[in-house]
Structures are given as structure tokens and as C-alpha cells.
Amino acid sequence: MKHDKRPPSVLTRDAALKKRPVKNEEVSETPSDDGSVLLSYTISVKPFFVGLIRRFSSRPDQPMTKKIQLDALGTQVWKLIDGRRSVRRIIDAFADTNQLHPQEAEVSVTQFLKSLGKKGLIGIK
């Protein structure tokens, strides 16, 4: 007996651009001297690796953290994420600030937001 798989719900482009990204409250931001931002966040480790970490780490009970240093453009987008602005408004502000064609800004910003989302650094409302 075959089970019919439902296709994943597809969000239209317009609907996606109306969504509002929200920063994960667990992510800490550290401003750098050059104006960029360093993001730090805790990562979850698969059970197999927990044993290895306990065995070989000098700090086995410390949660594992990862850090990402944003460049100037990433920092601009990060600072625009406030939970109130839609993706479209973030793209428009980014395009205006950097004198980019709207389509070029859309591609750059949406790819960046996707990568932040995959890492769990932002959510979408």
C-alpha cells in the first residue's frame, strides 16, 4: 500500500516577503570596534558526540557555542531585524542604503535570512 505524501506547503513569494523575521533571544550580540557584530549561540550536540566531548574536552559540562562574525552588510541586515519590519521592508532599506537594484538586494537579503534561519538564529512570524 502506497502512502500519498502531501507536498510541503509552499509559501508564495509575496507571502514570504510579508513575513517578519525575529531574532532568537538565545543569540548574544557583541559589537566589534569596526561596527560589525559577533553573534554567539549554543549548538545542540548529538548524543554520540556528547560522550566524545566529555571524554576529550577540558570543559565537558560547558555548553558548546558557535560564533559568527558578520561583515558590514550582514550587520546592516541583522540590525534591521526587529520583529516589526517585514522582509520586504528590510530589503527596501538595504537596497536604499547600499544603492542596489531592488532585485539584487532581494536575492542577497533572502539568502542571508535563509542561512540565519537554518542556523536557528532567527524565526519568522
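Just so we're aligned, residue 16 is where the sequence shown starts under our numbering, counting upward by one.
Backbone N, C-alpha and C fix where the C-beta goes; we use that ideal spot for every residue, glycine too.
For LYS33 and ILE139, which I take to be in contact (beta-carbon distance under 8 angstroms), what is that distance rounded to the nearest angstrom?
Along the sequence shown, one-based indexing puts residue 33 at 18. Along the sequence shown, one-based indexing puts residue 139 at 124. Between ILE139 and LYS33 the Cβ distance is about 10 angstroms, and since that is not below 8 angstroms, they are no contact.
Go through the stretch 22-61 residue by residue and report every complete run of the beta strand (DSSP E) that reaches 3 residues or more, in order.
Within the stretch 22-61, the complete beta strand (DSSP E) runs of at least 3 residues are 36-38, 43-46 and 52-57.
According to DSSP, simplified to helix, strand and coil, what is GLY138?
Translated into positions along the sequence shown, residue 138 becomes position 123. DSSP places GLY138 in strand when its eight states are reduced to three.
Express the C-alpha separation of ARG99 and THR14 in angstroms, rounding to a whole number.
Nothing about residue 14 can be read from this structure; the chain reaches only from 16 to 140.
With distances taken from CA atoms, which of ALA120, SER59, ALA30 and THR57 is nearest GLY89?
Your numbering for residue 89 matches position 74 in the sequence shown. It is ALA120 whose Cα lies nearest to the Cα of GLY89.
For the beta strand (DSSP E) that contains ILE5, what are its first and last residues?
Nothing can be reported for residue 5, as the shown portion of the chain is limited to 16 through 140.
Quick one: any contact between the stretch 95-115 and the stretch 47-56, if contact means 3 or more CB pairs under 8 angstroms?
As far as the Cβ criterion goes, the stretch 95-115 does not touch the stretch 47-56, which means the pair count is below three.
By the 10 Å Cβ neighbour count, where 16 or more other Cβ atoms means buried, how is VAL102 classified, buried or exposed?
For this step, residue 102 is matched to residue 87 along the sequence shown. With 16 or more Cβ atoms within 10 Å of its Cβ, VAL102 is classed as buried.
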